[in-house]
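Student: This is the structure I have questions about; it appears just below.
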Amino acid sequence: MIHFNLNDISNYLSALEALFDIVRIVDPSTNQVVYQNLDGYAFVHGERCHEFWKKGKACDNCISTQVTREKNTVTKIEYRNDEVYLVMAAPIVIEECAYTMEFLKNITETGIIGDLVGLSGNEKNSIISELNRKVISDDLTKVYNRRYINQKLPMEMESVRRDKDTLTVIMLDIDCFKEINDVHGHLAGDMVLKELASTVKSKIRNNQDWIARYGGDEFFIILKNADYELAIKMMNEIKDAVENMEILFNQEILHITISMGSCIVKSAVKDLESILYETDKNLKKAKEDGKNRIVLTELVIL
Numbered sequence: 043m044i045h046f047n048l049n050d051i052s053n054y055l056s057a058l059e060a061l062f063d064i065v066r067i068v069d070p071s072t073n074q075v076v077y078q079n080l081d082g083y084a085f086v087h088g089e090r091c092h093e094f095w096k097k098g099k100a101c102d103n104c105i106s107t108q109v110t111r112e113k114n115t116v117t118k119i120e121y122r123n124d125e126v127y128l129v130m131a132a133p134i135v136i137e138e139c140a141y142t143m144e145f146l147k148n149i150t151e152t153g154i155i156g157d158l159v160g161l162s163g164n165e166k167n168s169i170i171s172e173l174n175r176k177v178i179s180d181d182l183t184k185v186y187n188r189r190y191i192n193q194k195l196p197m198e199m200e201s202v203r204r205d206k207d208t209l210t211v212i213m214l215d216i217d218c219f220k221e222i223n224d225v226h227g228h229l230a231g232d233m234v235l236k237e238l239a240s241t242v243k244s245k246i247r248n249n250q251d252w253i254a255r256y257g258g259d260e261f262f263i264i265l266k267n268a269d270y271e272l273a274i275k276m277m278n279e280i281k282d283a284v285e286n287m288e289i290l291f292n293q294e295i296l297h298i299t300i301s302m303g304s305c306i307v308k309s310a311v312k313d314l315e316s317i318l319y320e321t322d323k324n325l326k327k328a329k330e331d332g333k334n335r336i337v338l339t340e341l342v343i344l
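Going letter by letter, the sequence shown gives residues 43 to 344 in the numbering used here.
Below, the structure written as C-alpha cells:
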C-alpha cells in the first residue's frame, strides 16, 4: 500500500493522468469520490463512485470495497454510454486515511475484448454485466458468493449509519448436512444446496434483500429495513418453506431443516466483526437448543 501526503500526491496523479483517461480517489467507507481529474484538480468531489456508470445503483462487483479488504490491486471491465472501460483499483493512504485510487481506461476501440467487436451497445453491456455477475456468484447455487459478502456487507452497514435504517444479518446452516453427504453422496448434497438456495431466494424481497453462500452449507441472508416483527416473520417463512421441501434424488425424497442465527443491526454501525460474532454465536445457540430453530438478537453499535 502506498502512503502519500497532500504535497506529493498531485505530482503522482499528474503522471498517472498521462496513462489513463480518468484517475480518481474514492473514500471506500462512503463510496464518495474525493478527487477526479475529469472535473479538474479538486480534493472535494462528492458524488458516489457508481454514479459515473449511470446504473442508478451501486455496482454489485464493487472493487473499491474489495481493494480495501484485500489490500491488493483489483481490475474489472465496465460499460458507460457505448464505451467499454478497463478499471483498476489500488489501496492508498493519504494523511493516514485509507482510500482507493481508481484508474479508468477507455478500451472500446482497442480490440482487447474481441467478443465485443461489432456488437451493439446493449449487447456489449449484456456481456460485461454477465462477466461481472460471474465474479460475485456461486457456481453451484447461483446466488451471491463470499466475495460479494465481503464487498457488499460493509456498504450495507454504511447505509444503516447514513440513513438510520435497520439491517438484519442472518447466518443459515443446514442441520446434519454431513449425514446427507455421507449417506447419499456429494451429488445429493449439491442438489440440496441448490434447492435450498432457490427456496430461500423465493422468500426474500426482490431488489431489496439478498442471499449469498458463505461456504459449505452456510449462507448469509440480508434483510434491509426490517423491524423485529418482520424479520421474525420472514425467517419463519423461510424455515417452514425449507422444512416442507421435497428433494427428489435417485428416486428417494430427501427432507432437511435449517437453523438460523441472526441479529438486527441499528444505529452507527462500524464494527463488522461484532456483527459476524453475534450471528455466529446465535447460530451456535440455535444448534445447541435442538436445531430447526431461529435465534435473533438486536445489536446497537455506536
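Every residue gets a Cβ at the ideal spot worked out from N, C-alpha and C, and that includes glycine.
Beta-carbon within less than 7 Å of I280's beta-carbon, same chain only, minus the 5 sequence neighbours each way: which residues are those?
Tutor: Numbered from 1 along the sequence shown, position 238 holds the residue referred to as residue 280. Result list for I280: V242, K245, in chain order.
Student: Just verifying my parser: in three-state terms, what is the DSSP assignment at K308?
Tutor: Translated into positions along the sequence shown, residue 308 becomes position 266. Here K308 sits in strand by DSSP.
Student: Which same chain residues, not among the five before or five after N103, have their C-beta less than 7 Å away from its C-beta?
Tutor: Taking the first residue of the sequence shown as 1, we reach residue 103 at position 61. Answer for N103: K118, N174, V177, I178, listed in chain order.
Student: Which residue marks the beginning of the alpha helix (DSSP H) containing P196, and which one marks its end?
Tutor: For the purposes of this step, residue 196 is taken as residue 154 along the sequence shown, with counting starting at 1. Element bounds for P196: 188–205.
Student: Given this structure, state the Cα-to-Cα distance separating T183 from E260, to the nearest angstrom.
Tutor: By one-based count along the sequence shown, residue 183 stands at place 141. By one-based count along the sequence shown, residue 260 stands at place 218. Cα-Cα distance, rounded: 12 Å.
Student: Suppose contacts are defined by Cβ-Cβ distances below 8 Å. Is S301 in contact with D215 by that definition?
Tutor: Here residue 301 refers to the residue found at position 259 of the sequence shown. Here residue 215 refers to the residue found at position 173 of the sequence shown. In contact: S301 and D215 (Cβ atoms closer than 8 Å).
Student: Let me make sure I understand the geometry here. Which of I136, D180, A283, R189 has the alpha-carbon closest to that of N334?
Tutor: Residue mapping note: residue 334 aligns to position 292 of the sequence shown, counting from 1. The shortest CA-to-CA distance from N334 to any of I136, D180, A283, R189 is the one to A283.
Student: Would you tell me roughly how many angstroms separate the C-alpha atoms of K329 and I212, rounded to the nearest one?
Tutor: Locating residue 329 in the sequence shown gives position 287, where the first residue counts as 1. Locating residue 212 in the sequence shown gives position 170, where the first residue counts as 1. C-alpha separation (whole angstroms): 14 Å.
Student: Quick one: Cα of L146 to Cα of Q78, how far?
Tutor: As a position in the sequence shown, residue 146 is number 104, starting the count at 1. As a position in the sequence shown, residue 78 is number 36, starting the count at 1. L146 and Q78: Cα-Cα distance of roughly 11 Å.
Student: Between H92, Y127, G98, which has its C-alpha nearest F62's C-alpha?
Tutor: Position 20 of the sequence shown, counted from the first residue, corresponds to residue 62. Cα-wise, what sits closest to F62 is Y127.
Student: May I ask you to list the residues that DSSP assigns as paired with L209?
Tutor: For the purposes of this step, residue 209 is identified with residue 167 of the sequence shown, where counting begins at 1. The partner list for L209 (beta bridge, DSSP) reads K266, V307.
Student: Between which two residues does the alpha helix (DSSP H) harbouring F219 extend?
Tutor: To locate residue 219, count along the sequence shown from 1; it is residue 177. Where F219 is concerned, the enclosing alpha helix (DSSP H) starts and stops at 219–226.
Student: Helix, strand or coil for H13 per DSSP?
Tutor: Outside the shown range of the chain (43 to 344) lies residue 13, about which nothing can therefore be said.
Student: Any chance the segment 53–71 sits against the segment 135–146, with 3 or more Cβ pairs inside 8 Å?
Tutor: yes
Student: Compare the C-alpha of Q74 against each of I64, N53, H92, K206 and name the closest.
Tutor: Within the sequence shown, the letter at position 32 stands for residue 74. With distances taken between Cα atoms, Q74 lies closest to H92.
Student: Near I274, what residues of its chain come up, given a Cβ to Cβ distance below 8 Å and the 5 sequence neighbours on each side ignored?
Tutor: Against the sequence shown, residue 274 aligns to sequence position 232. Excluding residues within five positions, the ones whose Cβ falls inside 8 Å are I336, L338.
Student: Three or more beta-carbon pairs under 8 Å between the segment 194–208 and the segment 285–305, yes or no?
Tutor: no
Student: If I follow the unbroken beta strand (DSSP E) through Q78, where does it start and stop?
Tutor: Translated into the one-based positions of the sequence shown, residue 78 becomes position 36. Q78 -> beta strand (DSSP E) spans 74–78.
Student: Using DSSP with H/G/I as helix, E/B as strand and the rest coil, what is D215?
Tutor: Taking the first residue of the sequence shown as position 1, residue 215 is located at position 173. Strand, per DSSP.
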